[in-house]
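Sequential numbering from 1 applies to the sequence shown in full-length UniProt numbering. To keep things clear, I will list the structure first and then write my remarks on it.
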Amino acid sequence: MTDATFVQLLDLACGAFLLTAVLVLWRRELAAIVWLFALQGIALTALIVVLGARQGDVELILIGLGVGALRAGLLPYLMRRALVAGGGGRETQPLVNVATSLLVAAVLAMLAYALSQPLVRLSPTPATQAVPVALTVLLIGFFLLVTRRRALSQLVGFLLMDNAITAAAFLTTSGVPLVVELGISLDVLLAVLVLQVLTTRMRAAFGGTDLDELRELHD
1 MTDATFVQLL
11 DLACGAFLLT
21 AVLVLWRREL
31 AAIVWLFALQ
41 GIALTALIVV
51 LGARQGDVEL
61 ILIGLGVGAL
71 RAGLLPYLMR
81 RALVAGGGGR
91 ETQPLVNVAT
101 SLLVAAVLAM
111 LAYALSQPLV
121 RLSPTPATQA
131 VPVALTVLLI
141 GFFLLVTRRR
151 ALSQLVGFLL
161 MDNAITAAAF
171 LTTSGVPLVV
181 ELGISLDVLL
191 AVLVLQVLTT
201 RMRAAFGGTD
211 LDELRELHD
């Protein structure tokens, strides 16, 4: 793989990785949010595979494919099941509206770029120069986690943060050991399985999964 091809493919994967996070802020339908998370999993897979192909590391390519199977396949499948169990729906009243959320995303992107410059200057390679993208997605995931009301939306925010941490790890190192990635992936899978059980119970007991409504019911 030539340098030019590597940079183009890496930029394409990182661009798709960031775009899906921004679109999650834009959409309110929970089904669309899950679909966008699956697309981000594909982008993350492409990013890791491109890095593995560049380094000629077959193990890294296999790890990337395993990450894709989990984050673009199994996790979205489980979230869709949780969505069906929860009765579907959409974010009707997020704490921050869509226009403001997109503006905040732009501010977070600039903040991520500024914060990551010391790291980029240490090793100005094409991979490390993409670190601001991962940091932007991390901040967007945290913003989504604290501003959305539905449990599934908040879980997607957490998973965006996890994707961003994974992307940053692969961009700044020669690869994450398989045992470490398996441990992290199992933790994430457990969180989604717990959400599916809780969503079913909440829907059966209270008729919905809006966390603000459940707080009001408690009060």
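We treat Cβ as the ideally placed atom computed from N, Cα and C, and that holds for glycine.
DSSP places Arg149 outside both helix and strand once states are collapsed to three, so it counts as coil. Judged by DSSP in its simplified three-state form, Arg121 adopts helix.
Straight-line measurement puts the Cα of Asp11 at about 16 angstroms from the Cα of Ala21. With a cut-off of 8 angstroms on Cβ pairs, the region 66-76 is in contact with the region 22-42, counting three or more such pairs. Beta-bridge analysis with DSSP links Glu29 to Arg90. In the structure shown, Gly56 adopts coil according to DSSP, grouped into three states. Ala13 and Val7 have their C-alpha atoms roughly 10 angstroms apart. Contact check for Leu47 against Phe170 passes: the beta carbons are separated by less than 8 angstroms. Taking all protein chains shown into account, Ser101 has 16 or more neighbouring C-beta atoms within 10 Å of its C-beta and is therefore buried. Of all C-beta pairs linking the region 100-118 to the region 131-141, three or more are shorter than 8 angstroms, placing the two stretches in contact. Within the same chain, and ignoring the five residues on either side of Thr45 in sequence, the residues whose Cβ sits closer than 7 angstroms to its Cβ are Gly64, Leu65, Val67, Gly68, Ala72.
Taken through DSSP and simplified to helix, strand or coil, Asn163 comes out as helix.
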